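To keep things clear, I will list the structure first and then write my remarks on it.
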Amino acid sequence: MKILFLACAALVIQLFLFLCTGSVIMRVRGKEEYSLSSALLLGYVSYFGIFEVVCLLSEVFLLPLRTLALIMAVFAGGAILLGLVCGYRNWTQSMNSLRYRLKLHGPVFIAVLFALAASVLFVLLYSDASADSGWYVGTSATALATNTIGRFDPSTGERILRFQARYALSCYPYHSAVICSLIRGLPVIVQARSVMSVINVLVSFIAVYSLGRVMFPDKAQGTGKIRSIKDRPGSVTRRRADLFTVAVFFLNVLSSTIYLPGIFLFDRSYEGKALILNVVLVMVLALSIQIWRDEEDTEHSYRTLFWVMAAGVCFSASSIMALVLAMSAILPALALRGKWNQLPGLILSCVPVLSWAAVYYLMQHGTIVLRTWR
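Convert by adding 398 to the 1-based position in the sequence shown; the result is the number in the numbering used here.
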């Protein structure tokens, strides 16, 4: 019962932290339509982008895990306080208009909730004893037990003499160690395999829904009278996005090989690669479509793309795929419209992955050598 209580507390605290972080960023940007789901999604990728920088610096300078946990605790406290100041009014308005917005969604939204509940239940009940599962949980548990970051091999317990680029540059597994260091008594395997799996599935659904909103924009409103809730602004795009989300859910359920995203979403939701496939690439595609449609006001899209890229670096070395997708999707739009003045914005938004690729290449070829004991 104690572990269940701690797990629920960890789930609520982390979701609230992501919501507050996103609310602060949206407030700083200004002139942006606020929604709870958008704030949570933005806060999720922003948090892990920041965590990647802080954790990587702590790793390079051989700081103990408790120091990293203290830094992130201070950051979380500040983000929550600022989030309460910046987001309280928006949260109140969102809750007051909840009934109206549910009417805009219509009955299909019930199917979305059912699909989300089924996905959450599956990842909670699914048991995985694979080597990947052992490595992710082992990395977090080893860091917590030894009070170090990346200095011991989680498979053998032996000391690592040099940081390996493939594992050292993606710090996502250490997030679970930090949470368990702050919430004493919460087992690492529960945080890594259950709590984060639930959060990752929820964020994935929000990302797919956001992609649906971009793919199926609202129909132009005529001059006639609005005779039903279906004719109100925002209703069409919401209902289409709901149907799209349910369709993607069934596609994932019917996935039967490792080459489709469903296997990663349901069976390997604890892995960083699953987040690349089901969150990062989905958001990159949504932002690319938004840039194609909005020829002028692309500043917010590029800023969000920056955080998505930063989070991708934290999740997995597979973040290079996000760079490929962004370049192949956005560059043609700039070329066709002759908007080459937006090229610096695109490059700056991809700096996290470009920097990771450069450091990875130098470490792989021995130009940069980071020793774990000195």
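All C-beta atoms in this analysis are idealised placements derived from N, C-alpha and C, irrespective of residue type, glycine included. Values in this document were obtained by computation on a predicted structure and should not be read as measured data.
- Residue nearest to Val651 within the set Ala513, Ile558, Ser699 is Ala513 (criterion: CA-CA distance).
- In the three-state scheme derived from DSSP, where H, G and I count as helix and E and B as strand, Arg557 is classed as strand.
- With a 10 Å radius around the Cβ and a threshold of 16 neighbouring Cβ atoms, Phe648 comes out exposed.
- With respect to the C-alpha of Asn739, the residue from Arg769, Ala708, Thr696 having the closest C-alpha is Thr696.
- For the pair of segments examined, the stretch 505–523 was found not to touch the stretch 418–426: the number of CB pairs separated by less than 8 Å stays below three.
- A distance below 8 Å between beta-carbons, with the five flanking residues on each side excluded, links Leu500 to the following residues of its chain, in chain order: Phe507.
- For Pro730, the enclosing alpha helix (DSSP H) begins and ends at 718–735.
- In this structure, DSSP gives Phe614 a state outside helix and strand, which the three-state scheme calls coil.
- A contact between stretches requires three or more CB pairs, one per stretch, nearer than 8 Å, and the stretch 438–458 fails this requirement with the stretch 399–409.
- Residue burial annotation: Pro571 is buried, with at least 16 other C-beta atoms found within 10 angstroms of its C-beta.
- Cα atoms of Leu584 and Leu741: separation of roughly 46 Å, rounded to the nearest angstrom.
- For Ser495, the closest alpha carbon among the candidates Ser433, Cys748, Val518 is that of Ser433.
- DSSP places Phe550 in the strand class (E or B) of the three-state scheme.
- An exposed status is given to Gly475, since fewer than 16 other beta-carbon atoms sit within 10 Å of its beta-carbon.
- Straight through space, the alpha carbons of Thr540 and Gly555 are spaced by roughly 8 Å.
- Between Trp771 and Ile718, the alpha-carbon positions lie close to 29 Å from each other.
- Sorting Ile587, Leu415, Thr419, Tyr442 by C-alpha distance to the C-alpha of Cys712 places Tyr442 at the top.
- In this structure, the beta-carbon distance from Gly710 to Ser568 does not fall below 7 Å.
- Around the C-beta of Met493, fewer than 16 other C-beta atoms lie within 10 Å, and the residue is accordingly described as exposed.
- For Ile401, the enclosing alpha helix (DSSP H) starts and ends at 400–427.
- Arg769 carries a strand assignment under DSSP once its states are collapsed to helix, strand and coil.
- Membership of Ala437 in the alpha helix (DSSP H) is indicated by the continuous run 434–458.
- Our two residues, Ile448 and Glu430, have alpha carbons roughly 22 Å apart in a direct line.
- Nearest to Val518 by alpha-carbon distance, out of Asp692, Ala724, His503, Val601, is Val601.
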